[in-house]
Amino acid sequence: MAKRGRASQGRRSNRRALILLAVVILIAGTLFVVYEYHRYSSVQPPPPPPPPPEVVQPLPEQPGLPTVPPGHQVVEHTYYVLSYNEECEQPDWVMYKLQRRFLQGSARRKDRFRPDPAVITGSATPKDYRRSGYDRGHLLPAADMKFSPEAMAETFFMSNMSPQAPQFNRGIWKKLEEQVREWCKREGELYVVTGPVLQEQLPRIGENKVCVPRYYYKIVLDYEEPEIKAIAFVMENRKLPGNIFDYAVPIDSVEALTGLDFFAPLPDSFEDSLEATINPAPWKALLARRN
Numbered sequence: 000m001a002k003r004g005r006a007s008q009g010r011r012s013n014r015r016a017l018i019l020l021a022v023v024i025l026i027a028g029t030l031f032v033v034y035e036y037h038r039y040s041s042v043q044p045p046p047p048p049p050p051p052p053e054v055v056q057p058l059p060e061q062p063g064l065p066t067v068p069p070g071h072q073v074v075e076h077t078y079y080v081l082s083y084n085e086e087c088e089q090p091d092w093v094m095y096k097l098q099r100r101f102l103q104g105s106a107r108r109k110d111r112f113r114p115d116p117a118v119i120t121g122s123a124t125p126k127d128y129r130r131s132g133y134d135r136g137h138l139l140p141a142a143d144m145k146f147s148p149e150a151m152a153e154t155f156f157m158s159n160m161s162p163q164a165p166q167f168n169r170g171i172w173k174k175l176e177e178q179v180r181e182w183c184k185r186e187g188e189l190y191v192v193t194g195p196v197l198q199e200q201l202p203r204i205g206e207n208k209v210c211v212p213r214y215y216y217k218i219v220l221d222y223e224e225p226e227i228k229a230i231a232f233v234m235e236n237r238k239l240p241g242n243i244f245d246y247a248v249p250i251d252s253v254e255a256l257t258g259l260d261f262f263a264p265l266p267d268s269f270e271d272s273l274e275a276t277i278n279p280a281p282w283k284a285l286l287a288r289r290n
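Its first residue numbered 0, the sequence shown is counted upward by one per residue in numbering that gives the first Met the number 0.
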């Protein structure tokens, strides 16, 4: 009987030992799991890799021509290019590179206005403007080509003309043209784009039904690094008060008015920053510089 009691006590002792061992193992396992959790959670993840460097696209050698509306003819002369609008019998735009040397010369203005033989459909004629009350307004001014009689003579093609009110052509528009020449004397070279805003239902003159625009634009681009800059103007075709900077606008505004895209070959980000704002300050600063 005593032996059975001692055996029973031994078994109970073994069970307690096993239970105690299991509890110890459970506690140890729990502590291990908690330790590992805290150890791994305290490790900071590696920082994300830096973004790839921005690829700076090089600028093309030239800013490129404006867009040409479907069916309109590009006409190339020696010192300027234009897009001819047969419906309105005048250019959508005239573009040229103005250089300081072009302004140095003694070529005399002869006023020999004549049709442009390069226009396949036939250009307007001087007769279209006769007794209309409008000037044959140059888009590339004759005075921008004083260096050569031949270059100046090319500015008198009727494809370079648009009907302008005399008070406008001989007033603030003339001041703007003179200002562009002064800027060129200081900078050495500028790109200039000029044209009418050819909207629907415009008045017409002459046998060829030449449209009379309500507005004109001019865009001037200094494409020399490091300070590439541009300025644009939109002016109503009438006598206007004030100075030229009163009519400065973003190039984007000219594009919205005309439906044309200027300087499209430039990288998009660069073109957007160039065309979205008005910044006349550097152009005004040029006036204070000596030649």
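We put the beta carbon where it would ideally sit given N, CA and C, even for glycine.
Legend entry - Local Cβ density within 10 Å of P62, reported as buried at 16 or more and exposed below that: Looking up residue 62 in the sequence shown gives position 63. By the neighbour-count rule (16 or more Cβ atoms within 10 Å), P62 is buried.
Inset, instruction - Measure how close the beta-carbons of Y79 and L175 come, nearest whole angstrom, since I'm counting them as under 8 Å. - result: Along the sequence shown, one-based indexing puts residue 79 at 80. Along the sequence shown, one-based indexing puts residue 175 at 176. Not confirmed; about 17 Å, so no contact.
Legend entry - DSSP beta-bridge partners of R135: For the purposes of this step, residue 135 is identified with residue 136 of the sequence shown, where counting begins at 1. In the DSSP output, where bridge partners are listed per residue, R135 has P162.
Legend entry - the stretch 153–160 touching the stretch 178–197, judged by at least three CB pairs closer than 8 Å: The stretch 153–160 vs the stretch 178–197: no contact.
Legend entry - Coil, strand or helix - N168 by DSSP: Residue numbering aside, residue 168 sits at position 169 when the sequence shown is read from its first letter. Here N168 sits in helix by DSSP.
Inset, instruction - State the start and end residues of the unbroken alpha helix (DSSP H) segment that holds V253. - result: Counting from 1 along the sequence shown, the entry for residue 253 is found at position 254. V253: member of the alpha helix (DSSP H) spanning I250 to T257, first to last residue.
Legend entry - As assigned by DSSP and simplified to three states, the class of Y128: In the sequence shown, the residue the question calls residue 128 occupies position 129. For Y128, the three-state secondary structure derived from DSSP is helix.
Inset, instruction - Would you decide whether Q163 is buried or exposed? Buried here means 16 or more other CB atoms lie within 10 Å of its CB. - result: Locating residue 163 in the sequence shown gives position 164, counting from the first residue. Q163 is classed as buried because its beta carbon has at least 16 other beta carbons within 10 Å across all chains shown.
Inset, instruction - Over the uninterrupted beta strand (DSSP E) stretch that includes K96, give me the two end residues. - result: Here the question's residue 96 lines up with position 97 in the sequence shown. Unbroken beta strand (DSSP E) run through K96: Q89 to Q98.
Inset, instruction - Put Y302 into one of helix, strand or coil per three-state DSSP. - result: For the chain, the structure presents residues 0 to 290; residue 302 sits outside this window and is missing.
Legend entry - Coarse secondary structure for S147, derived from DSSP in three states: As a position in the sequence shown, residue 147 is number 148, starting the count at 1. S147: coil per DSSP, three-state reduction.
Inset, instruction - Pair every Cβ in the stretch 124–140 with every Cβ in the stretch 194–207, then say whether three or more of these pairs are closer than 8 Å. - result: Enough Cβ pairs lie closer than 8 Å, so yes.
Inset, instruction - Would you tell me roughly how many angstroms separate the C-alpha atoms of L239 and P47, rounded to the nearest one? - result: As a first step, residue 239 must be located in the sequence shown, where it is residue number 240. As a first step, residue 47 must be located in the sequence shown, where it is residue number 48. Between L239 and P47, the C-alpha separation is close to 59 Å.
Legend entry - Three-way DSSP call (helix, strand, coil) for R107 in this model: Walking along the sequence shown from the start, residue 107 turns up at place 108. The three-state reading of DSSP puts R107 in coil, since its state is none of H, G, I, E or B.
Inset, instruction - Please classify V191: does DSSP put it in a helix, a strand, or coil? - result: In the sequence shown, the residue the question calls residue 191 occupies position 192. Of the three classes helix, strand and coil, the one that applies to V191 here is strand, per DSSP.
Inset, instruction - Could you tell me which residues DSSP pairs with D221 in its beta bridges? - result: Here residue 221 corresponds to residue number 222 of the sequence shown, with the count starting at 1. Residue pairing from DSSP places D221 in a beta bridge opposite K228.
Legend entry - Straight-line gap, R113 to A142 (C-alpha atoms, nearest Å): Residue numbering aside, residue 113 sits at position 114 when the sequence shown is read from its first letter. Residue numbering aside, residue 142 sits at position 143 when the sequence shown is read from its first letter. So the alpha carbons of these two residues sit roughly 18 Å apart.
Legend entry - Rounded Cβ spacing between F146 and G104 (contact assumed at less than 8 Å): Translated into the one-based positions of the sequence shown, residue 146 becomes position 147. Translated into the one-based positions of the sequence shown, residue 104 becomes position 105. Right, the Cβ-Cβ distance comes to about 4 Å (below 8 Å), so this counts as a contact.
Inset, instruction - Might you give, ordered along the chain, the residues of its own chain that have their beta carbon closer than 8 Å to the beta carbon of P264, omitting 5 neighbours on each side? - result: Locating residue 264 in the sequence shown gives position 265, where the first residue counts as 1. Excluding sequence neighbours, P264 sits near P59, Q61, P62 and G63.
Inset, instruction - Along the alpha helix (DSSP H) that carries L273, what are the first and last residues, could you check? - result: Residue numbering aside, residue 273 sits at position 274 when the sequence shown is read from its first letter. Judged by DSSP secondary structure, L273 falls within the alpha helix (DSSP H) whose first and last residues are D267 to E274.
Legend entry - Boundaries (first-last residue) of the beta strand (DSSP E) holding L81: Within the sequence shown, the letter at position 82 stands for residue 81. L81 -> beta strand (DSSP E) spans V80 to N84.
Legend entry - Distance, P212 Cα to A275 Cα: Residue mapping note: residue 275 aligns to position 276 of the sequence shown, counting from 1. Residue mapping note: residue 212 aligns to position 213 of the sequence shown, counting from 1. Straight-line Cα distance between these residues: approximately 25 Å.
Legend entry - Test item: CB-CB of Q118 and V73 under 8 Å: By 1-based counting over the sequence shown, the position of residue 118 is 119. By 1-based counting over the sequence shown, the position of residue 73 is 74. Gln is not the amino acid found at residue 118; the sequence shown has Val there. Between V118 and V73, the CB-CB gap reaches or exceeds 8 Å.
Legend entry - Residue of L25, P69 and I26 minimising C-alpha distance to L259: By one-based count along the sequence shown, residue 259 stands at place 260. Looking from the CA of L259, the closest CA among L25, P69 and I26 belongs to P69.
Inset, instruction - Measure the alpha-carbon distance for L197 versus C87 and round it to whole angstroms. - result: By 1-based counting over the sequence shown, the position of residue 197 is 198. By 1-based counting over the sequence shown, the position of residue 87 is 88. Their backbone Cα atoms lie some 8 Å apart in a straight line.
Legend entry - In DSSP terms, what I204 is bridged to: Locating residue 204 in the sequence shown gives position 205, counting from the first residue. Its beta-bridge partners are V209.
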